[in-house]
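To keep things clear, I will list the structure first and then write my remarks on it.
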Amino acid sequence: MSNKERLFQFFSSHPLMVISTVDANGKPQSAVVGFGQTEKLELFFGTSNTTRKYKNLNANSHVAAVIGWEEATVQYEGEARELVPGEELEQYKEAYYTKSPSSRQFGELPDERFFLITPKWIRYTDVKTHEVFEITL
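Counting in the numbering used here, the sequence shown runs without a single skipped number right up to 1345 at its last residue.
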């Protein structure tokens, strides 16, 4: 199994991630969010347009995330873009709701927005087995 396939399985088995953004002045902010993933290792999530992370993403599209907080973890850096209403958004939403059915209740709220993160750098670390690998995209 390739490292990309292993990462996809790892993402699939974790419902939450910590996402970090920065505002226009460089002030950081982190939040725990539910997320979905694609086989291209893209991540997607929803948030209200009233949150700090939403405002931050409109000021600076670069993000960092951490997935997993036991022995195995992933550090992830990428660039986020807001998904506009249409077929693409609906496909991502359905994949997200399949993974996290309880999130469907938020998806139709008028202030809910969805973002897709394209990976730039990913690092997998397992402190129990001492396995580490990185992928730069």
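Glycine residues also receive a C-beta, built at the ideal position from the N, C-alpha and C atoms.
Because the structure is a prediction, the values reported are computed rather than measured.
- Note that the C-beta distance between Asn1257 and Arg1321 is below 8 Å.
- The segment 1303–1310 and the segment 1257–1277 do not touch, with fewer than three beta-carbon pairs separated by less than 8 Å.
- Within the segment 1239–1271, complete beta strand (DSSP E) segments of at least 3 residues are found at 1251–1256, given in chain order.
- In the three-state reduction of the DSSP assignment, Leu1317 falls in the coil class.
- Between the alpha carbons of Val1292 and Ser1228 lies a distance of about 22 Å.
- C-alpha of Ala1280 to C-alpha of Val1335: approximately 6 Å in a straight line.
- Going by beta carbons, Ala1288 and Leu1324 fall inside the 8 Å limit.
- Note that the C-beta distance between Gly1286 and Lys1235 is not below 8 Å.
- Here Leu1291 carries a strand assignment [DSSP, helix/strand/coil].
- Straight-line spacing of the CA atoms in Ala1232 and Lys1261 works out to 11 Å.
- Between Leu1215 and Gly1242, the C-beta gap is not smaller than 8 Å, which leaves the two residues out of contact.
- For Ser1220, the enclosing alpha helix (DSSP H) has its first and last residue at 1211–1220.
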